[in-house]
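Q: Have a look at this one before I ask anything.
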Amino acid sequence: MRDINELINPEVKALKPSGIRKYFDIAATMDHVITLGVGEPDFKTPWHIREAGIKSLEKGYTRYTANRGMIELRSAISKFMQDRYTLSYDADSEILVTVGGSEAIDGAIRTLVQNGDEVLIIEPCFVCYTPIVKLAGGVPVIIETKAENNFRLTADELRSAITDKTKLLILAYPNNPTGAVMRRGDLEAIAEVLRDTDILVLSDEIYAELTFGGERHVSIAEIDGMKERTIIASGFSKTYSMTGWRMGFACGPAPVIAQMTKIHQFAIMSAPTTSQFAAIEAIVNGEDDISDMRFDYDIRRTFIVNGFRKMGLDCFEPEGAFYCFPCIKSTGLTSEEFCERLLREKHVAVIPGTAFGSCGEGFIRASYCNSMKNLKRALELIKEFIDGLK
Amino acid sequence: MFDIENKLLKILSENARYSCEDLSDMLNISSVEVAELIEKLEKEHVICGYPAIIDWDKVSHDRVTALIELKVTPQKSAGFEEIAESITNCREVETVYLMSGGYDLCAIVKGHTFKEVAMFVAKRLAPMDGVISTATHFVLRKYKEVGTVLENKRADDRGMFQL
C-alpha cells in the first residue's frame, strides 16, 4: 500500500488547522491558567433540564427518534420561534433537529452549495464556515467588517461582493468573536440588496437569546421577503448551557429542510434521544434560566468592557453573545504576539482576533464565561502585562 | 435607577464583598454613585446586613441548628406581632418567619448542643403566653444555604481554548 497520507482526500488535507493549537502546547506546561479563551458557558445545565434527560433514560427511551427529531420537540421549537420572533415554521416540514447548531450549518451548506458557487462569509466569524464551504466545492468569498461600523455588515460591502456566481450569504449575529449584533434597520438594508437576487441566506443564530440592553435579537427571516430564502441554524448549547448535549436545529423553507433531512438521515440518523428529551424541557420551561444567565452575563460584560477601557484599550461595546473584542493595536504587538506573551508571562489565555479571519489582526477575543473573581484577576494581570510593555 | 438598584441588590445578595469600584464597573455608574446608592439602601433598611455564609461544620463540632414550628394563639389587638417580637428578641433565635399552612411561626435556633437547644425551647419558647405547641426539628446536615451550595466546587473542566 502507498503511504496512507497520499490516500487521504487532498481537499481535507488542504484545510488549515485551527490557528490556536500552539497555545494548547504552551498552556499544557502551566498550572493555574485563567482562561478567557473558551466559547462555552461556565454554568451547568439547569437541573430540571438534566433531570428530564435522566428521567427519559430511566423510562428506557433509548432508541432512535424520527429522523427529523421528535415531533414534541419540533412543535416546541415551532412555538418558540413564533412566540419569540413571530416566525411561523411548520413542525412537520420546516424544522430539523440536529446534532448541535454545527450540524445545521454543515447540512445547510452541503444542501445548497455546488461546485464553484460563491459563498459570502462575513469575518471576523466563527471558524467553521470556510472549511465546510470548501469541502462542499464552494468558493468562500470573505467580506471583512469594521470596528467603525460596529462589525455589522453594510449594504455597500454586501453589494460589492456579489457576483453572478453568488449562491449563499452566511450571516452570524449575535457574532462570535465580536459580540456585534445587527439591528432591524441594518437587516432591512441587507434585505434590500438581496431582494432581487437568487441569493440564499444561512443565518447562524446560536447566540440569539444572549442579547443585552433590552433589545431582543432580530432574525433576518423576520424581514419582509427574507423568510423564503433564509435557513436559520440555531441550538440549545449557548442558550441553556447545554454544549455537551449536542442539540441544535434548522428552520427554513420545506424543500431545503427536506434535502437537509436526507443528508442528516444518511450521516447522523437522528439526534441523540436523551438530549432531545432534555431539550424539550429546556425550550418549554427554561425561560427563567435564560433570564438568570443573561443577567449574570450582562454584569460580567459591563465589568470586562470597563476593565479593558480603563487600561487604555479601545473596546467595542458588545451587544450579544458572551465575548468582547478589545483592540490591542496600541500595544504595538500583533494579536498572536499579544496572546502568546500574555499566556507565557501572566498565565491568562485569550484568543487572537486572527483566529477568526485576517481582519481580526489587532484584536483579541476575551470570553466572559467565567466567575467575577477570575475576570477581575485576569483583568489585573492583563493590565500588569500592558503596563509592563510601556 | 430602579433597574440599577435591582441589579445592585441582586449582585450584593450573591456577594456583598465587591468594592464600590468593581460595582461601578459592573453597573456602569460611578463609584460615588454606587456608594450613595448603598448608603441610601442601608438607611431605608432595604439592605439589612452583610453576613458571610459559613459552613461551621468544617471548623467546629459544637454547633447545632434547629427549626422550631410554633402554633400560637394570635392576640386580639396585635395578632402575631407581639409574640413574634418576643421570639425575635431571644439571642438564640437566628430567624423568625410567619408561616402559612400547618403552623404559625417558624424559628431557627442555634446552640452548642442538642440539649441546650431543646432546653431553650422547653424553658423559653414553649411557656410564652399564646404558644399552644412547639415541634423541634434538628438540622443534621446542610447542603445549601442562602443560594450557596456548601461543598467544594468542582474544578472548571472546560478546555483552555475554544473557538
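Order-wise, the sequence lines are chains A and B. 336 is the number that this note's numbering gives to position 336 of the first sequence; each next residue is one higher, with no gaps. With the second sequence counted from 1, adding 390 to any position gets you this note's numbering. A virtual CB, placed ideally from N, CA and C, is assigned to each residue, including glycine.
What residues from chain A crowd round Gly-549 of chain B, counting only those whose CB sits closer than 7 Å?
A: Simply Val-38.
Q: By Cβ distance, which residues of its chain are closer than 8 Å to Cys-327 of chain A, with the 5 residues on each side in sequence left out?
A: Once the five neighbours on either side are set aside, the close Cβ partners of Cys-327 of chain A are Ala-147, Leu-313, Asp-314, Cys-315, Phe-316, Gly-362, Phe-363.
Q: Can you tell me which residues form a DSSP beta bridge with Cys-410 of chain B?
A: According to DSSP, which records beta bridges pairwise, Cys-410 of chain B is partnered with nothing at all.
Q: When the cut-off is 8 Å and only beta carbons count, does Leu-402 of chain B lie next to chain A?
A: Output row for Leu-402 of chain B: interface = no.
Q: Can you say whether Asn-176 of chain A is buried or exposed, counting buried as having 16 or more other CB atoms within 10 angstroms of its CB?
A: Asn-176 of chain A is buried by the Cβ-count criterion.
Q: Assign Tyr-297 of chain A to buried or exposed, taking buried as 16 or more other Cβ atoms, counted over all protein chains shown, within 10 Å of its Cβ.
A: By the 10 Å Cβ count, Tyr-297 of chain A comes out buried.
Q: Can you list, in chain order, the residues of the region 13-43 of chain A whose Cβ is nearer than 8 Å to any Cβ on chain B?
A: Against chain B - using a Cβ distance shorter than 8 Å - the residues of the region 13-43 of chain A are Ser-18, Ile-20, Tyr-23, Phe-24, Ala-27, Val-33, Thr-35, Gly-37, Val-38, Gly-39, Glu-40, Asp-42.
Q: Where in the region 269-295 of chain A do unbroken runs of the alpha helix (DSSP H), each at least 4 residues long, occur, reported from the N-terminal end onward?
A: For the region 269-295 of chain A, whole alpha helix (DSSP H) runs of length 4 or above, ordered along the chain, are 273-285.
Q: Starting from the Cα of Phe-126 of chain A, find the closest Cα among A:Leu-343, A:Phe-338, A:Tyr-323 and give me that residue.
A: The shortest C-alpha separation from Phe-126 of chain A is found at A:Tyr-323.
Q: Flag Phe-303 of chain A as yes if its beta-carbon sits less than 8 Å from any beta-carbon of chain B, otherwise no.
A: By this cut-off, Phe-303 of chain A is an interface position.
Q: Put Phe-528 of chain B into one of helix, strand or coil per three-state DSSP.
A: It is a strand residue.
Q: Considering only DSSP beta bridges, list what Glu-192 of chain A is partnered with.
A: Answer is none; Glu-192 of chain A lacks a bridge partner.
Q: Examine chain C for any beta-carbon lying closer than 8 Å to the beta-carbon of Ala-349 of chain A, and answer yes or no.
A: Included in the structure are the protein chains A and B, with no chain C among them.
Q: With a cut-off of 8 Å, does the C-beta of Ala-355 of chain A fall near any C-beta of chain B?
A: By this cut-off, Ala-355 of chain A is an interface position.
Q: Using alpha carbons as the reference points, say which of A:Thr-154, A:Glu-209, A:Phe-212, A:Thr-197 lies closest to Gly-185 of chain A.
A: The residue with the shortest Cα to Cα distance from Gly-185 of chain A is A:Thr-154.
Q: For a cutoff of 8 Å on Cβ pairs, would you count Lys-376 of chain A as touching chain B?
A: Yes, Lys-376 of chain A lies at the interface with chain B (some Cβ there is under 8 Å from its Cβ).
Q: Measuring only between beta-carbons, confirm whether Arg-127 of chain A sits less than 8 Å from chain B.
A: Just to set this straight, residue 127 of chain A is Val in the shown sequence, not Arg. So, interface residue.
Q: Under the criterion of a Cβ to heavy atom distance below 7 Å, does Thr-261 of chain A qualify as lining the ligand HEM?
A: Absence of the ligand HEM is noted for the structure shown, with no ligands found whatsoever.
Q: If you scan the region 73-143 of chain A from start to end, which runs of the alpha helix (DSSP H) of 4 or more residues do you find wholly inside it?
A: Listed in chain order, they are 100-112, 129-135.
Q: Just reading off the alpha helix (DSSP H) that Val-422 of chain B is part of, what are its end residues?
A: Unbroken alpha helix (DSSP H) run through Val-422 of chain B: 421-433.
Q: Mind pulling the chain A residues with CB within less than 8 Å of Leu-515 of chain B?
A: None at all; the shortest Cβ gap to chain A is about 36 Å.
Q: Can you check whether the C-beta of Arg-398 of chain B is within less than 8 Å of a C-beta belonging to chain A?
A: Note that residue 398 of chain B is Leu in the sequence shown here, rather than Arg. So, not an interface residue.
Q: Short of 6 Å in beta carbon distance, which residues of its chain neighbour Gly-357 of chain A, apart from the five on each side in sequence? Order them along the chain.
A: Glu-123, Pro-124.
Q: Count the CB pairs spanning the region 46-62 of chain A and the region 272-283 of chain A that are closer than 8 Å, and state whether there are at least three.
A: With a cut-off of 8 Å, the region 272-283 of chain A and the region 46-62 of chain A count as touching, because enough Cβ pairs lie within range.
Q: Can you pull the chain A neighbours of Asn-418 of chain B, defined as C-beta to C-beta under 8 Å?
A: Going along chain A in sequence order, the residues near Asn-418 of chain B (Cβ under 8 Å) are Thr-302, Asn-306.
Q: Leaving aside the five residues before and after Lys-165 of chain A along the sequence, list all residues of the same chain whose C-beta is less than 8 Å from its C-beta, in chain order.
A: Only Gly-116, Asp-117, Glu-118, Val-139 meet the Cβ criterion.
Q: Look at the Cβ atom of Ile-232 of chain A, then the Cβ atom of Glu-103 of chain A, and state whether they are nearer than 8 Å.
A: Contact flag unset, no.
Q: Anything in chain B within Cβ reach of Ile-190 of chain A, meaning under 9 Å, just list it in chain order.
A: None at all; the shortest Cβ gap to chain B is about 25 Å.
Q: Could you give the DSSP three-state label for Val-539 of chain B: helix, strand or coil?
A: In this structure, Val-539 of chain B counts as strand in the three-state DSSP scheme.
Q: Check whether the Cβ atoms of Gln-465 of chain B and Glu-459 of chain B sit closer than 8 Å, and answer yes or no.
A: Their beta carbons are not under 8 Å apart, which means Gln-465 of chain B does not touch Glu-459 of chain B by this criterion.
Q: Tell me, which residues are paired with Gly-320 of chain A by DSSP?
A: According to DSSP, which records beta bridges pairwise, Gly-320 of chain A is partnered with A:Thr-211.
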